[in-house]
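A quick write-up on the structure given underneath.
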Amino acid sequence: MGTLSVLAGEQNVVKSKGEYETRLALCAKKFSEVRSLSHIMIEESIGDSDAVFNSLGRGVRVLTSEEQLLVYMHAYGLMHEAKLKTALEKIPFDELCGNINVVDWGCGQAIATMVLLEFLQSNYPHIHIEKVLLIEPSAIALERAKLHIRHFDASTKISVINKGFDAITPPELQITTALPIMHLFSNILDYEGFELSHLESLVDSKSDSLNYVVCSSPMINETKTARLYSFEQYFSMNIGYTHLYDVQNTAGTWLHNWTRVLRVFKYGK
């Protein structure tokens with residue numbers, strides 16, 4: 077490819093990123109509005125959205141393009157939101173009286189954090205997210221995630237780790253244990269591309285705090301579902317462990333023929 081073509085491509089990416097940020101600023105602070113923006117931009121600018129959808133690898137590949145961000149948000153956003161809302165309703169937020177911190181594991185575009193922010197603003201406005209730690213191997217998804225969080229709450233501090241879980245060490249998890257921590261795992265624990273034992277040790281490194289853990293995944297097969305159960309079981313001997321909720325649905329037993337596996341628990345001081 078010639079130099080002029082490369083420069084034109086880079087300019088289109090920059091223009092697209094800037095356009096998304098400008099149009100995002102006009103959206104209401106609701107996840108449905110953010111998802112609708114992706115749908116509008118797909119209709120306007122992506123000729124073959126089916127090809128882009130196929131490139132997502134059923135939602136588990138690391139995203140590398142603006143088009144993939146838009147198509148993923150439109151294709152999977154509603155399902156993420158519905159599962160997370162059910163899980164968040166099982167968290168005893170009445171126990172909390174002030175700020176919390178959030179770790180969004182495998183955050184993608186921060187769908188889980190957006191849903192949490194909207195949920196708190198609507199139901200528990202006295203609870204403020206002081207800091208969000210975003211963990212995600214896709215650099216382009218991380219940039220989009222930061223835009224989304226700043227849109228919902230510009231006062232929330234953001235830090236990022238642009239790595240897969242297996243490459244992270246506990247000292248990199250720069251988030252204070254002085255506040256309760258909400259751990260969000262949305263459509264990630266069922267993925268078998270990382271060592272579950274290493275992830276467990278990372279999360280357990282924050283056991284000096286009160287930890288709330290939301291685990292949400294599709295129900296694909298027994299092996300993948302067992303990873304969620306095993307993950308919670310790891311923490312069952314910790315101080316303060318309390319199982320808060322679980323449910324699983326096969327296709328045809330929940331909304332829109334979707335499947336789900338939810339585990340919600342807390343542990344720590």
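Numbering-wise (the numbering used here), the sequence shown opens with residue 77 and increments by one.
Idealized CB from N, CA, C, for every residue including glycine.
Using 8 Å for Cβ pairs, my map puts residue i next to residue j. What's the rounded Cβ distance?
i	j	result
V191	K161	7 Å
I176	E206	7 Å
P256	L172	6 Å
V179	I211	7 Å
D242	E271	6 Å
Y321	L338	7 Å
E143	V128	5 Å
Can residue i and residue j be called in contact, C-beta distance under 9 Å?
i	j	result
V340	I187	no
G240	P213	yes
K345	Y288	no
L209	I251	yes
A158	G135	no
P246	S281	yes
W334	M155	yes
G184	A217	yes
N325	S293	no
T318	L260	no
C291	L331	no
G153	S114	yes
V110	H227	yes
F169	N199	yes
G182	I203	no
S283	N238	no
From the DSSP secondary-structure annotation, give me the bridge partner or partners of residue i.
i	result
I291	It is worth fixing the name first, because residue 291 is Cys in this sequence and not Ile. BP columns for C291 point to F261 and R339.
K106	In DSSP, K106 forms no bridge with anything.
T318	K342
K166	Note: K166 sits in no beta bridge, so no partner.
V323	L338
Is the Cβ of residue i closer than 9 Å to any Cβ of chain B?
i	result
V138	Protein chain content of the structure displayed is limited to a single chain, and chain B is not contained in it.
In terms of residues, what are the limits of the beta strand (DSSP E) holding residue i?
i	result
K207	I205 to I211
S235	K233 to I237
N177	I176 to W181
Name the two residues that bound the continuous alpha helix (DSSP H) containing residue i.
i	result
N130	S125 to N130
N333	Segment: none, N333 is in no alpha helix (DSSP H) and carries neither H nor E.
A217	A215 to F228
R303	E298 to Y310
H274	L272 to D280
S285	Premise fails: S285 is in no alpha helix (DSSP H) and is neither H nor E.
S198	I187 to N199
Could you tell me if the beta carbon of residue i falls within a distance shorter than 8 Å of some heavy atom in the ligand SAH?
i	result
G344	Among the ligands in the structure shown, none appear at all, so the ligand SAH cannot be discussed.
Problem set entry | Inter-stretch contact at 8 Å, needing at least 3 Cβ pairs: the stretch 211–230 / the stretch 95–102 | yes
Exercise. Do the stretch 306–316 and the stretch 272–285 make contact, defined as three or more Cβ pairs closer than 8 Å?
Worked result: yes
Exercise. Are there three or more Cβ pairs, one per stretch, closer than 8 Å when the stretch 292–299 is compared with the stretch 111–125?
Worked result: no
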